[in-house]
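Only one structure is covered here, and it is reproduced in the block below.
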Amino acid sequence: MTTHKVGYLIGSLAKGSINRKLAKALVRLAPPELEMSEISFKDLPLYSYDYDADYPPAGKAFKAAIAAVDAVLFVTPEYNRSIPGGLKNAIDWASRPYGTNSFTRKPSAVIGTSPGAIATAVAQQNLRSVLSFCNSPQMNAPEAYIQFTPGLITDDGEVTNDKTADFLRTYMQDFHVFIARVRSVLPKDA
């Protein structure tokens, strides 16, 4: 099967983020056909259309990183029933200026973890709305709202619950199939 480059964005900028742990787990559990790499957005200034005529180096590098991958995986917490401001800012940078949207036709998936019972369900719905506007084909199923409990995922990304590990492994396999399906009808260079 074809190998696909997947860039993943971690919605939380915190070093000890539980979503960073989840991202590490997803990288470990991904099929070998997915080349996973983090795309950081921590150095981006707040977006303004004043930058559109001359993007700063951090904005250019971020857009180039998105352009270089075949698909994007969003691993995000929920802040105030929405996505973190830093993640929204990153999406704004990648999708602007008008006519240069880096997410157009780029397959994406959304997942997240939180200690709360509904995990990141509302944030994911908000993010899906933004990605729809950005014309990013989204893997809509399976949905993945992971309730984080202490010790569920170690600092190096090992999932300690077998059912959760199996679910996440299947999620990543399904993402691989989704990417291949989207790319078969929307080639990267089309």
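Residue numbers (the working numbering): -3 to 186.
A virtual CB, placed ideally from N, CA and C, is assigned to each residue, including glycine.
Within its chain, find whatever has a CB closer than 8 Å to the CB of Val2; leave out the 5 residues flanking it on each side and keep chain order.
Excluding sequence neighbours, Val2 sits near Ala26, Leu30, Glu31, Met32, Ser33, Val65, Asp66, Ala67, Val68, Leu69, Phe171 and Ile175.
Straight-line CA distance for Phe163 to Asp46?
44 Å
With distance defined between alpha-carbon atoms, name the residue in Ala60, Gln134, Ile79 and Glu74 nearest to Val178.
Gln134
If you follow the alpha helix (DSSP H) that Lys59 is in, where does it begin and where does it stop?
Pro53 to Ala64
Specify the secondary structure class of Ile175 as computed by DSSP and reduced to three states.
Three-state DSSP puts Ile175 in a helix.
Any chance the stretch 82 to 90 sits against the stretch 35 to 43, with 3 or more Cβ pairs inside 8 Å?
yes
What are the uninterrupted segments assigned as beta strand (DSSP E) that are 3 or more residues long and contained completely in the stretch 98 to 177, given in chain order?
104 to 110 and 141 to 143
Identify the continuous alpha helix (DSSP H) that holds Ala90 and give its terminal residues.
Gly81 to Ser91
Do you know whose CA, among Arg101, Val173, Ser91 and Ser36, lies nearest Tyr51's CA?
Ser91
Mind checking Thr150: buried by the 16 CB within 10 Å criterion, or exposed?
Exposed, by the Cβ-count rule.
Secondary structure at Ser180, three-state DSSP: helix, strand or coil?
Reduced to three states, the DSSP call for Ser180 is helix.
First and last residue of the beta strand (DSSP E) that includes Ala67?
Note, Ala67: beta strand (DSSP E), Ala67 to Val71.
Taking the alpha carbon of Ala140 as the reference point, which residue from Pro28, Gly108, Ser8 and Leu182 has its own alpha carbon closest?
Nearest option by C-alpha distance: Gly108.
Over what stretch of residues does the alpha helix (DSSP H) that includes Lys1 continue unbroken?
Lys1 -> not in any alpha helix (DSSP H); beta strand (DSSP E) instead, spanning His0 to Ile6.
The alpha helix (DSSP H) spanning Leu30 covers which residue range?
Careful: Leu30 lies outside any alpha helix (DSSP H), inside the beta strand (DSSP E) at Leu30 to Glu34.
To which residues does DSSP link Ser13 through a beta bridge?
Answer by DSSP bridge pairing: none, since Ser13 is not bridged.
Please classify Tyr94 as buried or exposed, where buried requires at least 16 other C-beta atoms within 10 Å of its C-beta.
exposed
Just checking my contact of Gly7 with Pro73 at CB under 8 Å: how many whole Å lie between their CB atoms?
5 Å
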